[in-house]
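Report on the following structure.
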Amino acid sequence: MNPIYMDYAATTPTDQRVVEAMLPCFGEIYGNPSSLHGFGQEARAAMEGARAKIAAFLGAKPAEIVFTSGGTESDNFAIKGVAWANRKKGDHVITSAIEHHAVLETCRFLEKEGFRVTYLPVDGDGLVDPADVVKAITDRTTLISIMHANNEIGTIEPIAEIGRIAKGKGICFHTDAVQTFGHLPFTVDELNIDLLSASAHKLYGPKGMGLLYIRKGTRITPLVHGGDQESGRRASTQNVPGIVGFGKAVELAAATLHEEVVRLTSLRDRFIRGIFERLDGIRLNGHPARRLPNNINLSVESVEGEGMILSLDMMGIACSTGSACSSSSLEPSHCLLAIGLPHELSHGSLRFSLGRGTKKSDIDTVLTALPQVVGRLRAMSPLYAEQKG
Amino acid sequence: MGQYSEKVMEHFARPRNVGEMENPDGVGKVGNPVCGDIMNLYLRVKDGVITDATFKTFGCGAAIATSSMTTELVKGKTVEEALAISNRAVAEALGGLPPIKMHCSVLAEEALRAAIDDYYSRRRKKPL
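Chains as they are written, first to last, in our numbering: chain B, 1 to 389; chain A, 1001 to 1128.
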């Protein structure tokens, strides 16, 4: 059987057209964009071309886009940068309990430095309540950071509303949009955001490439010091091939964004409908409607996640799990615990995330395979009571 | 998957001795759903020799493989010989386990010991 990849939320294959756009930047347009000579200026032009494309896509100005090494660096830069820059005004940060580790660990680091962080709870569907944001704001709050959509359970947060609240209080608002950039239609003004993190490898672009959108006028301390690249905000000779690739990836995504939303939503819903018809004792995690078009997160009763992943992998099907047994820390997914899932159900969770290469036949193949996998593991499980008669 | 040996994958894909036993002579139940690992081990003992062993496990690939291997290792051994089987022996029989999965072999050893303890305590309760 042909392998079926359903882990696009983890990473995506780099589109061949992106690779082709990047190739000249290795051997031909290889100058340092900071160099004054022709080689450098040619590289600078390629880089600025990509920057302009990306800015236009976001509804931002090119000067507001800073290139980084990825979503994780962007999250670190945004949160540390704003917290440090505003230290004299305040020392309180508000975020949510279901953020990506890149946000949570950065916040925990700031706490060790003496900052105070409020981790807002989420409801059973993974939604942050804007009223909780209002309640948490103090006169020492200098940053609010809430992810646009959750990578595990797919829930899309009310960012525009939270942004409005932040704007009303003059508080800087950051969103980790790694899962939504290029996948959902939006502009930075529509969402009322001051900072946005994005990553190329989630969008059929190269790994090791990301960006931070910084609204003009935002006070931020650089994370990486050195030369004055990126207008003095992020030192280092820019990754020109990566940037050009990122620009191409955005161009390709922009061209098909709306059709892909429709197509993936239809495939996702086919999967969800189909699996509930074929299996009992399962639960969909995350909001049923306010959810990423490509995300399916299920808890399967009586079986463990890594066992399911292994069995599916043996059949050539790739997906992921929030089970403790699959993580190097042996801790279950903090997202699944945050939505109130009992430990047993978080151990039996599976995430399928669809993408450009996913076909209807892939969905149907998995709809046949998954019940077989679950059936085999349930037969071995002391937790599964066979329905008799 | 890269992290598991061939033997582990073999026991995971084709586990031996799956199932509950009717009228077992010893049952060991260890682990809990909070941890994400539960092993039930069942023993049939005749004249001090383990003639049959089965298991039911809720857990990862390593948990299922160690359960399966444990049932294979104890069959035909005396109860005393089975008591001497360590988690390292189970892991070695499987061609080794990734360090982070060694705790599954520990759980299998605990299930075996619990089953043997249960066998002994049932014998003590038997009227002479």
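Cβ coordinates follow ideal geometry from the N, Cα and C atoms, glycine included. Since this is a predicted model, take the numbers as computed values, not measurements.
- With contact defined as three or more Cβ pairs closer than 8 Å, the stretch 309-322 of chain B and the stretch 343-361 of chain B are in contact.
- Residues of the stretch 1073-1095 of chain A with a C-beta less than 8 Å from any C-beta of chain B: none at all.
- Partner residues in the beta bridge of B/D7, as assigned by DSSP, are B/S353.
- Excluding residues up to 5 positions away in sequence, L267 and R270 lie with their Cβ nearer than 8 Å to the Cβ of B/K360 in the same chain.
- Runs of the beta strand (DSSP E) lying entirely within the stretch 315-380 of chain B and spanning at least 3 residues, in chain order: 349-353.
- Residues of chain A whose Cβ lies closer than 9 Å to the Cβ of B/L383 are, in chain order, P1033, I1038, K1056 and F1058.
- Of the candidates B/A43, B/P371 and B/L36, the residue whose Cα lies closest to the Cα of B/I29 is B/A43.
- Under the Cβ distance rule, A/V1008 does not count among the residues neighbouring chain B, no pair being separated by less than 7 Å.
- At the C-beta level, B/S96 and B/L120 come within 7 Å of one another.
- In this structure, the beta-carbon distance from B/E331 to B/A338 does not fall below 7 Å.
- Under the Cβ criterion (8 Å, minimum of three pairs), the stretch 1099-1116 of chain A counts as touching the stretch 1062-1082 of chain A.
- Spatial neighbours of B/V261 in its own chain (CB-CB distance under 6 Å, excluding positions within 5 residues in sequence) are listed in chain order as P293.
- Taken in chain order, the members of the stretch 294-322 of chain B whose beta-carbon sits within less than 9 Å of a beta-carbon on chain A are S302, V303, E304, G305, E306, G307, I309, L310, S311, D313 and M314.
- A residue is called buried when at least 16 other Cβ atoms come within 10 angstroms of its Cβ; B/E306 meets this threshold and is buried.
- In this structure, the alpha-carbon of B/L252 lies about 37 Å from that of B/F109.
- Listed in chain order, the positions of the stretch 334-367 of chain B with a beta carbon within less than 7 Å of a beta carbon of chain A are H343, E344 and H347.
- Check the Cα spacing between A/A1108 and each of A/Q1003, A/Y1119, A/A1082 and A/R1123: the tightest is with A/A1082.
- Cβ-Cβ distances below 7 Å link B/D362 to I4 in the same chain, with the five nearest sequence neighbours on each side left out; the list follows chain order.
- In the three-state reduction of the DSSP assignment, A/G1028 falls in the strand class, which pools E and B.
- At a beta-carbon threshold of 9 Å, none of the residues of chain A lie near B/A10; the nearest stands roughly 15 Å away.
- Rounded to the nearest whole angstrom, the C-alpha separation of B/G205 and B/I171 is 32 Å.
- Shown here, A/V1106 sits in a helix according to DSSP, grouped into three states.
- Interface residue (Cβ-Cβ distance to chain A less than 7 Å): B/A324 is classified as such.
- Our two residues, B/H343 and B/I159, have alpha carbons roughly 29 Å apart in a direct line.
- Considering only B/S236, B/K53 and B/G217, the residue with the shortest C-alpha distance to B/V224 is B/S236.
- Contact annotation: in the stretch 1012-1027 of chain A, residues whose CB is within less than 9 Å of a CB in chain B are F1012, A1013, P1015, V1018, G1019 and E1020.
- Burial of B/E152 is indicated by the presence of at least 16 other C-beta atoms within 10 angstroms of its C-beta.
- For B/D176, the uninterrupted beta strand (DSSP E) run begins and ends at C172 to D176, by DSSP.
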